[in-house]
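To start, the structure under review is shown below, and the notes come after it.
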Amino acid sequence: MRIGIVGGGAIGLLTAAYLSKQHHVTVYTNRKEQAQWLMSEGLKLVRNGEQETIFVQAKPLQERMDEEEILFIAVKQYHLPTLFDQFAHLLRSRTIVFLQNGMAHIDQLRDLPHDHIILAVVEHGALKQNDTTVIHTGIGQTKWSVWKGKGTDFQQLANDEIDHFSFQYCENWEEMVVKKLLANVLINPLTALLNVRNGQLVERSEYNEAMKLLFEEVTSVLQVTDKQAMWNYIMHICEKTAHNRSSMLRDIEEGRKTEIDAILKYIIDRAQKQRMAAPISQFLYYAVKGKEQEGEAR
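In the numbering used here, the protein residues as written are 202 to 499.
Structure follows, in structure tokens:
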């Protein structure tokens with residue numbers, strides 16, 4: 202099967218590395234230099250200290266996309282509006298898979314003319330070391346659900362048995378995405394603001410208490426019913442990724458724009474629509490935005 206992956210970040214490279222084992226994969230990068238390096242050096246996948254080089258096709262995003270059957274969109278949410286214009290020429294029948302954090306982008310999908318749209322959440326840990334190297338820091342699953350149309354092509358892909366990279370179908374896309382959103386809301390802003398690894402949100406009682414306050418506020422806004430099961434899920438993620446630095450913390454450290462708007466701004470906007478107060482979310486949002494702007498000003 203021909204597969205396109207838009208985005209040369211950690212998740213895009215990780216997905217490309219594993220799917221290339223059984224499919225013809227093309228990576229579309231934002232920078233021409235990254236595409237050139239991938240073509241000449243290959244894509245290096247590091248897992249448990251061992252490195253494997255995989256050769257993939259790579260093109261800068263500015264070039265016209267090929268007609269792959271499945272197109273993964275592995276860019277951050279704030280890059281999506283500029284991408285949608287490029288989708289105009291794509292075949293309506295192709296399957297487009299969105300891998301974004303948060304839920305702020307979902308309303309934008311209604312404007313796309315394509316027949317088959319899949320939402321997916323990636324539970325793997327991945328760290329981009331450089332333009333051609335990705336480290337698989339934690340093995341999880343890629344959960345997926347049909348948002349529009351049929352998932353026939355994607356189901357065929359998901360049925361492939363690829364070691365260390367499995368897929369799990371979810372009947373309810375909203376439940377799947379809310380679960381991932383909640384994990385991002387609780388872990389990303391707190392680790393970015395406190396400058397701590399994920400595990401410290403569990404290990405330090407003071408941080409854990411702060412996390413509980415945020416959890417109560419956000420689950421009320423999202424109208425989560427089984428709060429205990431959701432809390433256990435979040436704790437499991439923190440423990441499983443205890444030594445990881447969250448993506449938002451790494452963005453702050455490296456002076457990049459974060460996904461705080463896609464994650465926490467969505468919660469704040471939803472609370473306002475429901476005429477609910479969300480002071481903790483608002484505080485975290487503005488605190489992280491301030492740190493983000495400090496980094497961009499360096």
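C-beta: ideal position from N, C-alpha, C; glycine also.
Helix, strand or coil for residue i, going by three-state DSSP, please let me know.
i, result
"Asn331", "strand"
"Ala275", "coil"
"Gly491", "helix"
"Val257", "coil"
"Gly341", "coil"
"Leu239", "helix"
"Arg248", "strand"
"Leu320", "strand"
"Val403", "helix"
"Ile363", "coil"
"Lys351", "coil"
"Arg203", "strand"
"Ser482", "helix"
"Thr296", "strand"
"Gln473", "helix"
"Ser448", "helix"
"Thr459", "coil"
"His306", "coil"
"Val226", "strand"
"Ser346", "strand"
"Gly496", "helix"
"Gly326", "strand"
Using 10 angstroms around the beta-carbon of residue i, count the other beta-carbons present and answer buried if the total reaches 16, otherwise exposed.
i, result
"Asp427", "exposed"
"His437", "exposed"
"Ser241", "exposed"
"Met431", "buried"
"Phe273", "buried"
"Leu292", "exposed"
"Met456", "Residue identity check: residue 456 is Gly in the sequence provided, not Met. Result: exposed."
"Leu414", "exposed"
"Glu495", "exposed"
"Glu418", "buried"
"Asn385", "buried"
Nearest to residue i by CA position, among the options, is which residue?
i, options, result
"Val226", "Glu234, Val247, Asn249 and Met266", "Met266"
"Gly220", "Trp238, Lys329, Asn360 and Lys277", "The displayed chain sequence assigns Leu, not Gly, to residue 220. When each option's Cα is compared against that of Leu220, the closest is Asn360."
"Ala393", "Thr338, Ile340 and Glu454", "Glu454"
"Thr420", "Asp452, Leu465 and Glu460", "Leu465"
"Asp354", "Ser294, Gln401, Met412 and Phe366", "Ser294"
"Leu262", "Asp286, Val386 and Thr459", "Asp286"
"Glu251", "His337, Gln258, Tyr279 and Lys458", "His337"
"Glu458", "Gly491, Gln429 and Lys474", "Looking at the sequence shown, residue 458 is not Glu but Lys. For the residues Gly491, Gln429 and Lys474, the minimum Cα distance to Lys458 belongs to Gly491."
"Glu493", "Ala479, Tyr229, Leu450 and Thr230", "Leu450"
"Glu264", "Val247, Leu284 and Tyr487", "Leu284"
For a quick check, are the C-beta atoms of residue i and residue j less than 8 angstroms apart?
i, j, result
"Ala218", "Val335", "yes"
"Thr296", "Glu268", "no"
"Ala327", "Ala211", "yes"
"Ile435", "Leu383", "yes"
"Ile307", "Lys349", "no"
"Glu440", "Val489", "no"
"Ile388", "Ser482", "no"
"Arg405", "His444", "no"
"His315", "Ile340", "no"
"Ala259", "Gly208", "no"
"Ile363", "Lys222", "yes"
Please return the same chain residues whose Cβ sits closer than 6 angstroms to the Cβ of residue i, not counting the five positions on each side in sequence.
i, result
"Thr343", "Ala321, Val323 and Phe368"
"Thr254", "Gly243 and Lys245"
"Ser346", "Leu320, Cys371, Trp374 and Met377"
For residue i, I'd like the list of residues in its chain whose CB is within less than 8 angstroms of its CB, leaving aside the five on either flank, ordered along the chain.
i, result
"Leu358", "Met202, Ile204, Leu220, His224, Ile271 and Phe368"
"Leu423", "Val379, Leu382, Leu383, Ile468 and Arg471"
"Met477", "Ser421 and Val422"
"Leu485", "Pro390, Leu391, Leu394, Leu415 and Leu465"
"Gln278", "Gln301, Asn302, Gly303, Ala305, His306, Glu460, Asp462 and Ala463"
"Glu234", "Asp332"
"Pro282", "Gln309"
Cutting at 7 angstroms between CB atoms, please list the residues of its own chain near residue i, excluding the five before and the five after it.
i, result
"Lys351", "His317"
"Phe256", "Gly243"
"Leu214", "Leu244, Lys329 and Val335"
"Arg311", "none"
"Gln401", "Tyr408"
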